[in-house]
Amino acid sequence: MTWEYALIGLVVGIAIGAVAMRFGNRKLRQQQVLQNELDKSKTELEEYRQELVGHFARSAELLDNMARDYRQLYQHMAKSSNNLLPDLPMQENPFRYRLTEAEADNDQAPVEMPRDYSEGASGLLRGERPRRD
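Per the UniProt record's numbering, residue 1 is the first one in the sequence shown, and the count goes up by one each step.
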């Protein structure tokens with residue numbers, strides 16, 4: 001009889017073990033799938049960061065080139081306007097704020113540019129207030 005109980009216990013144990021493995025293994029597989037997705041997401045995020053760094057580095061280089069070209073164009077136009085229009089009064093010369101060679105080579109040099117506002121108050125906004133009757 002003990003032999004039969006041992007055999008029944010073994011069969012029941014195998015059945016319980018099989019059921020436990022089936023349900024337990026699903027959670028393990030799910031955990032592995034989630035871990036793989038996490039690793040993939042981390043890799044994609046790092047690639048995206050590297051791409052973003054490269055993008056901003058290239059953008060900064062292009063902006064620097066554009067600023068240098070603009071300074072060279074402005075310097076050329078200022079020299080040309082002085083050579084081609086020597087009798088033009090300085091106030092009427094659109095390129096009167098001429099860059100020096102040092103300023104053209106230096107990104108940090110302040111450039112005196114024309115202002116887009118008048119010197120004093122025009123009084124345009126000070127008009128009489130409407131009366132309330």
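Beta carbons are placed, not taken as given, at the ideal position from N, Cα and C, and that holds for glycine. None of these values were measured; they are calculated from a predicted model.
Residue i, DSSP secondary structure in three states
| i | result |
| --- | --- |
| residue 87 | coil |
| residue 93 | coil |
| residue 1 | coil |
For residue j and residue i, the rounded distance between their alpha carbons
| i | j | result |
| --- | --- | --- |
| residue 135 | residue 74 | Examination of residue 135 is not possible in this model, given that the chain is present from 1 through 133 alone. |
| residue 38 | residue 32 | 10 angstroms |
| residue 50 | residue 9 | 60 angstroms |
| residue 3 | residue 36 | 47 angstroms |
| residue 58 | residue 26 | 47 angstroms |
| residue 48 | residue 40 | 12 angstroms |
| residue 69 | residue 60 | 14 angstroms |
Close-in-space but distant-in-sequence residues of the same chain around residue i (CB under 6 angstroms, 5 per side omitted)
| i | result |
| --- | --- |
| residue 95 | 77, 78, 81 |
| residue 88 | none |
Same chain only: Cβ atoms within 8 angstroms of residue i, ignoring 5 sequence neighbours per side
| i | result |
| --- | --- |
| residue 18 | none |
Residues near residue i by beta carbon distance below 7 angstroms, same chain, minus five either side
| i | result |
| --- | --- |
| residue 46 | none |
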